[in-house]
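This note's numbering puts the first residue of the sequence shown at 5, with every later residue one more than the last.
Even for Gly, the Cβ is constructed at its ideal location relative to N, Cα and C.
Report on the following structure.
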Amino acid sequence: MKRCIQLAKNGLGTTYPNPLVGSVIVCNNSIIGEGWHYQAGQPHAEVNAIASVADTSLFSEATIYVSLEPCSHFGKTPPCADLILSKGIKKVVIGTTDPNPKVAGRGIKKLMEAGCDVVVGVMETECNELNKRFFTFQQKKRPYIILKWAQTANGFIAPTIRNAQKPVWITNEFSRQVAHKLRAEEQAILVGTNTVKEDNPSLTTRDWYGNNPLRLIIDRKNYLEKDLAVYNTESDTIIFTEKPTEAFKNTSFEILVFDEHLATTICNVLYKKNIQSLIVEGGAQTLQTFIDTALWDEAFVFEGKSVFKEGVKAPNFNGILLKQKNISDDVLFHYKNLAI
5 MKRCIQLAKN GLGTTYPNPL VGSVIVCNNS IIGEGWHYQA GQPHAEVNAI ASVADTSLFS
65 EATIYVSLEP CSHFGKTPPC ADLILSKGIK KVVIGTTDPN PKVAGRGIKK LMEAGCDVVV
125 GVMETECNEL NKRFFTFQQK KRPYIILKWA QTANGFIAPT IRNAQKPVWI TNEFSRQVAH
185 KLRAEEQAIL VGTNTVKEDN PSLTTRDWYG NNPLRLIIDR KNYLEKDLAV YNTESDTIIF
245 TEKPTEAFKN TSFEILVFDE HLATTICNVL YKKNIQSLIV EGGAQTLQTF IDTALWDEAF
305 VFEGKSVFKE GVKAPNFNGI LLKQKNISDD VLFHYKNLAI
């Protein structure tokens, strides 16, 4: 199962809206096949694992391991449970059940009713963690939310007065690579009006290989200039506003009510759009809005060695520190919200 999880992680950032899944086929204590799910619409992990087996006569003696319950319904691909049965595989070891209502135990039931020896719950905690985005989306009806910001050694995320440099860099180039890697792993990224106005960010993965996230901008009065970097064609953009506006190029608009429920409203919109994961990058007001409504799961705080005499203070939040690591002369703190 450890190998299944390792394989599944290869699909992080490319399988949305599908979960991460890895599969291994074992016969006589040797791995004879393995695979993972690459991308939505392409074959599932079990299909790739089965296709990789050179000697198909071994299926009747083999055990297939899979990190998530095999599907039992027709979607863009046929049911994996049916394929397993058609190959004569008699034993199936499953990491965890699939919370998707289209599956939700049906795959396990189909395999057991057909006479398979099915074992469920092997490394279940690790398999659930692997698909924390997918599980949160299915169970809580919202995206998995990651907060991210950079702060100075004395706790500021921006100076009071900016020079011509946009943005003002607080951390080093290696931290920025890590931040862009985070972007490549998630489906969407959200910032507020002031961040776009002051920093003119592109919100892409230019310092890391991977897909650019969907860009989400809070612009209540819809007054941001249309020549800003967030309107380029490198990724799609959605503007949350209260002023109706026609879509243009790859930019669309969502009309929202701007009240104390704004973070919840945004999550509801993203759920309807099948967005499973979200990075909230700033600024301070946007981050605090999600913190105050307890709508966050993890936080990555990059701390540089620079110091501002005054400026915008970093958000105030309570999180459990999972780990910290040095990135050259920066420090990355990784927190989890255990209050939800």
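- The beta carbon of Asp334 sits closer than 8 Å to the beta carbons of Thr175, Asn176, Phe178, Ser179, Phe306, Glu307, Gly308 and Lys309 from its chain, once the five residues preceding and following it are set aside; these are given in chain order.
- A distance below 6 Å between beta-carbons, with the five flanking residues on each side excluded, links Ile279 to the following residues of its chain, in chain order: Pro147, Gln191 and Ala192.
- Assigned with DSSP and collapsed to three states, Phe321 falls in coil, not helix or strand.
- Among the bridge pairs identified by DSSP, His338 is matched with Phe304 and Lys327.
- The Cβ neighbour count for Gln328, taken over all protein chains shown within 10 Å, is under 16; the residue is labelled exposed.
- Collapsing the DSSP output to three states places Tyr69 in a strand.
- Our two residues, Ser239 and Pro171, have alpha carbons roughly 20 Å apart in a direct line.
- With fewer than three CB-CB distances shorter than 8 Å, the segment 123–137 does not count as touching the segment 267–275.
- Short of 8 Å from the beta carbon of Ile9, and not among the five residues preceding or following it, lie these beta carbons of its own chain, in chain order: Gly26, Ser71, Gly99, Met127, Glu130, Cys131 and Leu134.
- Considering only Ala233, Asn236 and Leu228, the residue with the shortest C-alpha distance to Thr249 is Leu228.
- Here Trp40 is bridged, per DSSP, to Gly26.
- From the listed residues Val122, Val316 and Pro205, the smallest Cα separation to Gln155 is found for Val316.
- Here the C-alpha atom of Ala44 lies approximately 10 Å from the C-alpha atom of Gly15.
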